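K.L.:
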Amino acid sequence: MDDKGIEESEVQTQPADGVSAHVIHRERLERVRRQGRERKRQEEERKKEERRNNQEKPVSSDSENEDDAYLIEQLTKMGITVKKPEPPEGTGLVYDDRMATFECLWDPAFPEKPERITESFARCSELGLIERCTRIEAQYGTEDQVLIQHTEAHLEKLKETVDMSKEALKKVSAKYDSIYIHQATYEASLLALGSTMELMEQILKKKVRNGLAIIRPPGHHAMNEEFCGYCFFNQVAIAAKHAVDTLGLKRVLIVDWDVHHGQATQQMFYDDPRVLYFSIHRYEYGKYWPNLRESDYDFIGDGKGKGYNVNVPLNKVHMTDTDYLAIFHQILMPIAHQFSPDLVLVSSGYDAAIGCPEGEMLVSPVTYAHMTHMLMSLAEGRVCICLEGGYCIKSLSEAVALTLRSLLGDPCPALPAMGDPSHSITTTILNVIKVLQPYWNCFSYQTELALEESCPYEEVNDMPPKPGMPFVTEENKPKEYTIMYEYEDGVEEEYIIQHKFDAVIDQLIADTSLAVPPNKTCIVYDEGMRVHHAITFRGHPEDPDRVTCIFDKHAEWGLLDRCLRVQSRLATDGETQAIHSSSYLEQMQASAELPPMELRNLQHSFNSIYMCPESNVCARMAAGCVLSVTEAVLSGQAKSGVAVVRPPGHHAECTKAMGFCFFNSVAIAAKYAQNKFGLKRVLILDWDVHHGNGTQHSFYDDPSILFISLHRFDHGSFYPTSTDGNHNMTGSGAGKGFNVNIPFNEGPKGDAEYKAAFQQIVMPIAYEFAPELVLVSAGFDAALGDPLGGYHITPAGYGHMTHMLSSLANGRVVLALEGGYNLSSISNSMATCTSVLLGDPCPYLPYVQPQESAVKGINNTLDSHKQFWKCLKFRESIPDLRCKEGEGEPEGIEEQKEEEKFKKNIEELSKKMTSVSVYDRAAQSPEEAKSANKSEPEVTTQATSTNDKDSGSVGDATPTTSETKPSVTETTPTPSKSSDTMEDQGAVGGAASMAVGGSSVGGAGTPLNEMMGAVGGADNLLQALTVAQALEDMGVERMYAVQPLTWCPHLQTVQPLPQGILDTRAPCQDCGNEGENWICLVCYKVFCSRYVNEHMVIHGATEQHLVTLSFSDLSVWCYGCDNYIDNQVVNAAKRAAHRHKFGTEMSGS
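Number 1473 marks the last residue of the sequence shown (our numbering); no jumps.
#1: Taking the Cβ atom as the reference point for each residue, do C846 and V890 lie within a distance shorter than 7 Å?
#2: For the segment 1029–1036 against the segment 1157–1168, do three or more pairs of beta-carbon atoms, one drawn from each stretch, fall closer than 8 Å, so that the two count as touching?
#3: Which of the three DSSP states is assigned to R1036 in this structure?
#4: A991 by DSSP, collapsed to three states: which one?
#5: Sorted by chain position, which residues of the same chain lie with C-beta nearer than 7 Å to V1378's C-beta, five sequence neighbours on each side aside?
#6: Who are E1487's beta bridge partners in DSSP?
#7: Spatial neighbours of L926 within its chain, please: C-beta separation below 8 Å, excluding the five flanking residues on both sides.
#8: Judging by CA-CA distance, which residue of Y1091, R1459 and P681 is the nearest neighbour of M698?
#9: Check G1074 in the structure and name its three-state DSSP category.
#10: Whose C-alpha, out of K628, Y612 and N635, is nearest the C-alpha of Y621?
#11: Figure out for me which residue from S1188, K495 and A477 has the closest Cα to the Cα of T1054.
#12: Please name the residue in E450, E522, H1464 and S939 whose C-alpha comes closest to that of I1385.
#13: Count the other CB atoms within 10 Å of the CB of P794; is the residue buried (16 or more) or exposed (fewer)?
#14: Is the separation between the beta-carbon of M990 and that of A1140 shorter than 7 Å?
#15: Assign E618 to one of three DSSP states: helix, strand, or coil.
#16: State yes or no: is the C-beta of A902 within less than 7 Å of the C-beta of I992?
#17: If V724 and L711 are in contact, beta carbons under 8 Å, what's the gap, nearest whole angstrom?
#18: With 16 as the cutoff for other CB atoms within 10 Å, does D386 come out buried or exposed?
#19: Along the chain, where does the beta strand (DSSP E) containing P637 start, and where does it finish?
#20: Using beta-carbon positions only, say whether L1132 and V1172 come within less than 7 Å of one another.
#21: Taking DSSP as the reference, what is the three-state secondary structure of I1085?
#22: How big is the Cα-Cα spacing for S671 and E455?
#23: Can you tell me whether S1474 is buried or exposed, with buried defined as 16 or more other CB within 10 angstroms of its CB?
#24: Work out the CA separation of L493 and L515 for me, nearest whole Å.
#25: For the beta strand (DSSP E) containing G535, name the first residue and the last one.
#26: Would you say I505 and D647 are within 7 Å of each other, going by their C-beta atoms?
#27: Closest to Y1145 by C-alpha separation, out of T1156, H1116, D1105 and G1123, would be which residue?
#28: Output the distance between the C-alpha atoms of F434 and L951, rounded to the nearest integer angstrom.
#29: Could you compute how far the alpha carbon of P949 sits from the alpha carbon of G965?
#30: Rank P972, T954, A741 and R706 by C-alpha distance to the C-alpha of A943 and give the top, closest one.
#31: Tell me the start and end of each unbroken alpha helix (DSSP H) in the segment 469–535 that is at least 4 residues and wholly inside, in chain order.
#32: The beta strand (DSSP E) spanning N843 covers which residue range?
#33: May I ask you to report which of helix, strand or coil DSSP gives M695?
#34: Measure the alpha-carbon distance for H661 versus G1143 and round it to whole angstroms.
#35: Does the distance from the CB of I753 to the CB of F767 come in under 7 Å?
#36: List the DSSP bridge partners of S964.
Shown next as structure tokens:
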């Protein structure tokens, strides 16, 4: 909190123990805040002084080759800053009463009637949604637009009906399957087409973010030269074709969830890899209309389009929410993310909704809100939804309204716990995966059948069709059709006469909470948490600047103005005792009064902990702040919440601190939510790179708390170095199955692996659990550039995970900061999460195939938990058609391979990242910035984004240098001298540029081609720097490089190398650790790192031996200068270590 305190609009939360407890804590809080502000001021002064000192040191280079080598070396130590989100505002809505002027003149009971759109619009208006939308005027489609997908003869046939008599209209209608024509049909069809085109173009021009077209007649059955199934012009297919042919989009996804197969749309793009057509439809092995063989799952496209046509045939009626969500989780979302569309068009029929006599399915209106929310994670939110079918007016209008609510950013109404996916849908899903596996590598979670083995779902072992199925063909279709609507046997009696589902729909509507809190997101931060600091040495990664940088980034992006500020407080004894023992609380309370040596002894009694007299109160404040945000969310003040807190908490056990953690804030919040608000089910999702051992142990036998942890495991060797984080640790007693570990082994993981784990495990289990609150242990130490985690999740990756979680629990999601030690990465990552919680679109995220080791880990977790969760039943062995097909991936996948190449380059860079520092621009005066810019060394590259999607061209970007200092350079892409800026032209992507500069880091003299291996084997510097393009596509705006000190006063203490030999496998002399060790360059003793048991830190502090060499990456660190060192004095030790570690001489030695 700042000196102005809390504004009147902020939530005033009180501790559970009442006003008296608050009074007791108030003085202590204010004292800590004052100390925090003073420490911040002192830290800013120190940084200014360091910058002045660094600027006085000359930067030199011996050769051009060494300069290039240095640049590549610096890329391995980069931090990323992401451009501020600037999403288009508003949801577009198209509706016009003129589309309600036609009806069937000879059959008043015909289900395709005007009330379909008038009642849908009325329900949206009743819920107050219309005034929140950006109204887009309906337009007439042009004849040229019709001819994009239809013949001129087709157009003329409909145009001729304008002046026909009723009898003439009957004769024309009888020529087509399921068609009636009115004199106003032609006008309405042009309006439906023009409205769809206008809405799509408004979205692509960034005039609106997304949109809904409430239109009729529908269109997805209208073929090239044939009316069919109430449809005349195929508006979605025309829009998609226009987008890829004229507007320059590369990939368009059409999702058709109408209960009837959109056979015409399929035909129009069957060999076109630019358009992925995905249809979920009732089929019943071909018995259901339109009775086509081509509607089955094995029709996957032709030629270049093979693999780009996806049919999900439903072979029985009464499919449920569970079945539809399984389709999304298992097929649609994985393939859609791999396809990476520029635009999503939805043929949004609601005839699978409960009560519709045509579909006879049981999908609730709420489920359409959830499906819409999932699609909004694609194409940076560019989703255009167009009404197709839907003939139960009550469920149709409710589903349309809930779809529009999702587009507007309202929370998805909570669904009840999902049940068991039906045997039929499980069979269909496995069959679809079976035929798509040869073309899409996202389907890696079903194994190949062994010889003589068969799948337990019998139909999966064979290929369609079933014998004796009567399909409609060109040869056997009738010459004339009935013009009166006919229901199937029994349907009219059940649905129309008895109104069997009316009461069910009414109850569903009554039970659905549509309450929307006044604030989308609340946030808490207090400078008092800065007071907790390391006394023994400066530079500990759990640094006070962690929370300050995150908070400042929120301010920079304008997020604070959009959030409700929540008051900080201390957690009380009663609240913390829900997780921690009273003896431990007493021990922590007493620590504030301990003499320095006793405090140090207490510190060393814990694992990976530093302490100061203020540690207890800061830890209580962190826990109290998480409680404040939780209360604000559960009391209806805000939909979601963000707690920018430290110290972290998820390692803290009942009776001890560990891993930088004192009180387990998220675990305490879970119990607080249950005790105060009576919640029955809470989901804790822990994406910190380290396993949340403390949280797991707190709820291991508790079925009311579902704990899911994604973490680096490395077969138990990564902190906290325990087998407790393995996939087979599933809970005990009543909690069996409610502890879900997703451990990753063998190399760095990133967006691809985490997203796959979410799709395959996290979200299916979460929907089956149906939490009332989601608490996220939001550590960002798996982020790209983190010095501890070694993983490479981007801010966009965290944004996508946040978006997925926000569909749960009515959107009640609370993010509490845990780890994360790269100040740039954590700031951008957490700010992106907050941006997504506020309703901003998910940033662009290119697809990369998950590593095999990650797939193996995910499959291990699936195997451990499928006995507990019905949603995981899809982990089966299926026939492998890849060798039979003899074909590879879809041809259009080449562009995605390029994106994978960029991401793999980033992976290589992240493997070598050991130190990242963010330049503190806030503490730099304008004079300093101006001075620093004068002599900036710079190398840049330009690359046009692969994600430009507008019809207008986007000019090249010209990088310009902005405020920097000699050790850190920065460039910002700016538009060239084209007539419009990128924003004005509606460009989706941008141009990438990057600059780094400085002097060599232990790599002087290294051959350039060898250095280039760090970025994927590129042949020259500019090729290496094309990683910037992939980063730009993900929203990266700047890169920072950090250089080591070329001199420090402690180098004089370095002693000659004994006997010229170093053993890089030597264990720690104190604890025997053989993992992450350092060697003292003064006495040449070996001790473990600060992230193991801190024995090298202790040695340095007690002996004043401050210069050390890492056996992991051969970097040299000075504890006294708190920085990396590169000087010839240490080269002998580095060469000896390199010789022993790799068996070769160090390049340039």
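Don't be surprised by glycine CBs; every beta carbon is placed ideally from N, CA and C. This one's a predicted model, so the numbers in the text were calculated from it and none came from an experiment.
P.N.:
Quick look at the numbers:
#1: Yes, the Cβ-Cβ distance between C846 and V890 is below 7 Å.
#2: Of all C-beta pairs linking the segment 1029–1036 to the segment 1157–1168, fewer than three are shorter than 8 Å, placing the two stretches out of contact.
#3: It is a strand residue.
#4: A991 falls in the helix class under three-state DSSP.
#5: Sequence-distant Cβ neighbours of V1378 in its own chain, meaning closer than 7 Å and more than five residues away, are L1405, V1406, V1431, V1453 and V1454.
#6: The shown model of the chain, from 325 to 1473, leaves out residue 1487, and the question about it has no answer.
#7: Same-chain partners within the cutoff: Q911, S915, L918 and M935.
#8: When each option's Cα is compared against that of M698, the closest is Y1091.
#9: Of the three classes helix, strand and coil, the one that applies to G1074 here is strand, per DSSP.
#10: For Y621, the closest C-alpha among the options K628, Y612 and N635 is that of N635.
#11: It is S1188.
#12: With distances taken between CA atoms, I1385 lies nearest to H1464 out of E450, E522, H1464 and S939.
#13: P794 comes out exposed.
#14: The identity of residue 990 in the sequence shown is Val, whereas the question assumes Met. In this structure, A1140 lies closer than 7 Å to V990 by Cβ.
#15: DSSP places E618 in helix when its eight states are reduced to three.
#16: In this structure, A902 sits near I992, with a CB-CB distance shorter than 7 Å.
#17: With 8 Å as the limit, V724 and L711 qualify as a contact, their Cβ atoms being about 7 Å apart.
#18: Caution is warranted here: a pLDDT of 41 is assigned to D386, below 50, making its placement in the model unreliable, and the coordinate value is therefore given only provisionally. With a 10 Å radius around the Cβ and a threshold of 16 neighbouring Cβ atoms, D386 comes out exposed.
#19: Per DSSP, the continuous beta strand (DSSP E) segment holding P637 begins and ends at N633 to L638.
#20: Not in contact: L1132 and V1172 (Cβ atoms no closer than 7 Å).
#21: Three-state DSSP puts I1085 in a helix.
#22: About 24 Å.
#23: The structure shown does not extend to residue 1474, since the chain is modelled only from 325 to 1473, so the question has no answer here.
#24: Inter-residue distance for L515 and L493 is about 20 Å (C-alpha atoms, whole angstroms).
#25: Boundaries of the beta strand (DSSP E) around G535: N534 to A537.
#26: It is not a contact, given that the beta carbons lie outside the stated cut-off.
#27: Considering only alpha carbons, the answer is D1105.
#28: Rounded to whole angstroms, F434 and L951 show a C-alpha spacing of 56 Å.
#29: Pro is not the amino acid found at residue 949; the sequence shown has Cys there. Roughly 11 Å between the two C-alpha positions.
#30: The shortest Cα separation from A943 among P972, T954, A741 and R706 belongs to P972.
#31: With a minimum length of 4 residues, the unbroken runs of alpha helix (DSSP H) contained wholly in the segment 469–535 fall at 476–483, 490–497 and 509–528.
#32: Its beta strand (DSSP E) spans residues N843 to V848.
#33: Secondary structure at M695: helix, using DSSP grouped into helix, strand and coil.
#34: Rounded to the nearest angstrom, the gap between the Cα atoms of H661 and G1143 is 28 Å.
#35: Judged by beta-carbon spacing, F767 lies beyond the 7 Å limit of I753, meaning their Cβ atoms are not closer than that value.
#36: According to the DSSP secondary-structure assignment, S964 is paired through a beta bridge with T845.
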